[in-house]
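Step one of this worksheet: look at the structure below.
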Amino acid sequence: MSPAVAPAATCQAQSGSGQTALVELYTSEGCSSCPPADRWLAQRAAEPTLAGKAVFLALHVGYWDGLGWRDRFAQPGFSVRQHALTAAQGSKAVFTPQVMIDGRTEWDWASNSAFDRRIAGINARPAPAALTLSLVADAGIWRIQLRGQLQAHLPAARAGAFLALYRNGLTSQVTAGENAARQLRHERVVLEWVGPLSVGPDGRFTHDYRFQLPADAEARDFGVAAFVQDQTDGQIWQALALAACAG
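The sequence shown finishes on residue 284 if you use our numbering, and the numbering steps up by one all the way, no holes.
Written out as structure tokens, the structure reads:
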């Protein structure tokens with residue numbers, strides 16, 4: 038008799054008629070002012086009132102690694118993106134922690150009331166694009182399909198779609214650098230980043246991708262996010278997230 042094989046888990050998410058905000062935190066384990074921002078992101082991302090209204094991602098950058106502690110979550114592409122989005126705003130100043138909402142630096146992010154007003158303003162806009170994320174989870178492999186459609190007035194030639202695999206519940210015991218002797222906890226840490234993916238001249242796109250989860254990982258700690266943006270000015274047109282399938 039062959040052992041029973043658990044069926045693959047499937048789930049799907051669709052964006053709504055309003056725009057969902059994309060919140061990006063640029064952070065580093067080598068930055069002493071970053072842990073409060075990391076805690077802020079974890080708290081806001083867990084709030085039920087913001088579910089479906091904002092997609093939160095933590096992108097770790099490596100330009101503080103020279104201070105004695107190498108951030109294992111940092112990826113060169115994240116600092117490239119941070120610089121590009123900053124330049125699109127007419128600035129050269131990148132820093133950590135830096136919070137961007139829909140591709141624009143948010144200076145008042147630590148004020149919950151100001152942040153909530155910013156998110157509510159974005160949510161009140163009619164969505165410039167529609168996104169659908171489908172996930173089939175089977176034996177540690179996530180098969181993702183992203184489908185999208187831009188509104189007719191948007192310049193499809195300037196659009197780029199993105200996928201990100203993130204992980205929650207990560208910890209690091211830091212032994213050097215500005216955060217030496219501190220244990221840091223992280224949520225929504227982006228581990229894999231895919232894009233920009235092409236958008237057709239008619240504003241439609243479909244992309245399939247496979248993420249391999251670490252062998253020792255619990256699927257419930259992971260999620261996938263998607264968004265589409267204007268590649269010229271960095272503005273986000275729609276965002277969507279999908280957590281691990283229930284079973």
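Backbone N, C-alpha and C define an ideal beta-carbon position, used for all residues, glycine too. The structure displayed is predicted, hence computed values, not measured ones.
query                                                                                                                                                       : result
Give the straight-line distance between the Cα atoms of I273 and V173, rounded to the nearest whole angstrom.                                               : 26 Å
Would the beta-carbon of L78 fall within 8 Å of that of A95?                                                                                                : yes
Quick one: Cα of V42 to Cα of L207, how far?                                                                                                                : With a pLDDT of 46 at V42, under the threshold of 50, the modelled position of that residue is not reliable, and no figure is offered here.
Based on Cα-Cα distance, which residue from R195, V136, L277 and P165 lies nearest to S148?                                                                 : V136
Thinking just about the alpha-carbon of each residue, which of S65, A130 and R162 is nearest to the one in N216?                                            : S65
Quick check on T86: does DSSP put it in helix, strand or coil?                                                                                              : helix
Please state the DSSP three-state secondary structure of S150.                                                                                              : helix
Within its chain, find whatever has a CB closer than 7 Å to the CB of C71; leave out the 5 residues flanking it on each side and keep chain order.          : T64, S65, T133 and P134
Leaving out five residues on either side along the sequence, give the residues of the same chain with a beta carbon under 6 Å from the beta carbon of V227. : L94, L96, A201 and Y203
Between V98 and S116, is the Cβ-Cβ spacing less than 8 Å?                                                                                                   : yes
Please report how far the alpha carbon of S54 lies from the alpha carbon of L104, in whole angstroms.                                                       : 46 Å
Determine the contact status of G271 and V236, defining contact as a CB-CB distance below 8 Å.                                                              : no
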